[in-house]
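Numbering (the numbering used here), first residue to last: 240 to 640. Positions of the beta carbon are idealized from the N, C-alpha and C atoms, including for glycine.
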């Protein structure tokens, strides 16, 4: 039936180290099994993934970086083949991707439109009728007959989104495409997608934005390292995702920069008095204190410590100690303890990371040391919070007209 997506026990493998011609020749003449120490490395991007999307419904695919989300979407789009089993998608299909539309650089925008339309089985008359609306939507009317190789990356992304959105798909695949263009363009894209949902177009969406997934999707699938970790309503899948993040070991923190050049090292970060590595659960409107324990690696006259709060790799807030007059001076080996007090968080439900950075005034503004995910905390989800990543304090009232 048109508009159906079926994925049955799919596996997808990548080879991380390509064989040379000499490797292939040796393998052809080898009589014994290959030595696993020298055999090409294999990475399974997807392992035994199964689901079905019925016509007119919408499924979200969520998960961390490297979990297999984009690979799965490209299998559905027919851009690659699974290593095992099969993927089926019946009906006219469009892919909206933050990676662009796969254009031919020597062809103009209009010629690329005709080429992509022909692949989908559309005639030139139908494409000519749609061309004006497509280039107007992408804000590229003056550039329709310019070779795409002269487009900026943003222009190419906008055109790819507009073409995919205007070719009347029966199945719409969306791969993190909402970062395309400015706010006005993103709003138009979302409006177009909501129109598809109202018209009964089948959708498969990859996104980290919970409010968007809950607005668009009926079901959600959580991937973890290529495997299905959970499936259910968007709320159930995101709750499983939060538990997955909370279960990550403290070693999941990532240190960037040159530790030997930094005047301070981060020894520990605590949220609201909890021990290092503990992820406390907080109410969305309660205060929170982040305590940072550092030690000077050498004598330093003016150092600064920065803190960021992030969710799903999006930084929501950042501050530095020197912006409130705290410049750090310390002797080599001296401990330094700082606290950042947030009197009201105003964050929506979910798990958040605390990043910590060390800067030195005499060495420009670039951090010498960054500790990503130095700590985590969870905001308890409330049905009354509304949508979005932040919660602005507000009161509704009815007034006399």
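Annotation: the region 348–391 contains the following complete segments of the alpha helix (DSSP H) (minimum length 4 residues), in chain order: 348–358 and 363–376. Taking the C-beta atoms as reference points, residue 463 is found nearer than 7 Å to residue 306. Residue pairing by DSSP leaves residue 487 without any beta bridge partner. Taking all protein chains in view, the Cβ of residue 351 is crowded by 16 or more other Cβ atoms within 10 Å, so the residue is classified as buried. Across the structure, residue 530 and residue 544 are spaced so that their CA atoms are roughly 12 Å apart. Only residues of its own chain outside the window of five on either side were considered, and among them 347, 348 and 349 have a CB closer than 8 Å to the CB of residue 384, listed in chain order. Straight through space, the alpha carbons of residue 583 and residue 525 are spaced by roughly 6 Å.
Per the Cβ contact rule, the region 358–378 is in contact with the region 399–409 (3 or more Cβ pairs under 8 Å).
The alpha-carbon of residue 512 is positioned some 8 Å away from that of residue 528. Under the three-state reduction of DSSP output, residue 282 falls in the strand class. Residue state for residue 432 is assigned as helix, using DSSP reduced to three classes. Residue 619 counts as exposed, since fewer than 16 other C-beta atoms from the protein chains shown sit within 10 angstroms of its C-beta.
Inclusion of residue 436 and residue 321 in the CB contact set at 7 Å is not warranted, their separation being larger than that value. With contact defined as three or more Cβ pairs closer than 8 Å, the region 560–567 and the region 515–523 are not in contact. When the five nearest sequence neighbours on each side are left out, the beta carbons in the same chain lying within less than 8 Å of the beta carbon of residue 505 are those of 531, 532, 533, 595, 597, 608, 610 and 613, in order along the chain.
CA-CA distance, residue 380 to residue 415, rounds to 25 Å. The shortest CA-to-CA distance from residue 397 to any of 293, 336 and 289 is the one to 336. Apart from the 5 residues on each side of it in sequence, residue 445 sits with its Cβ closer than 7 Å to the Cβ of 300, 308, 309, 312, 413, 414 and 415 in its chain, given in chain order.
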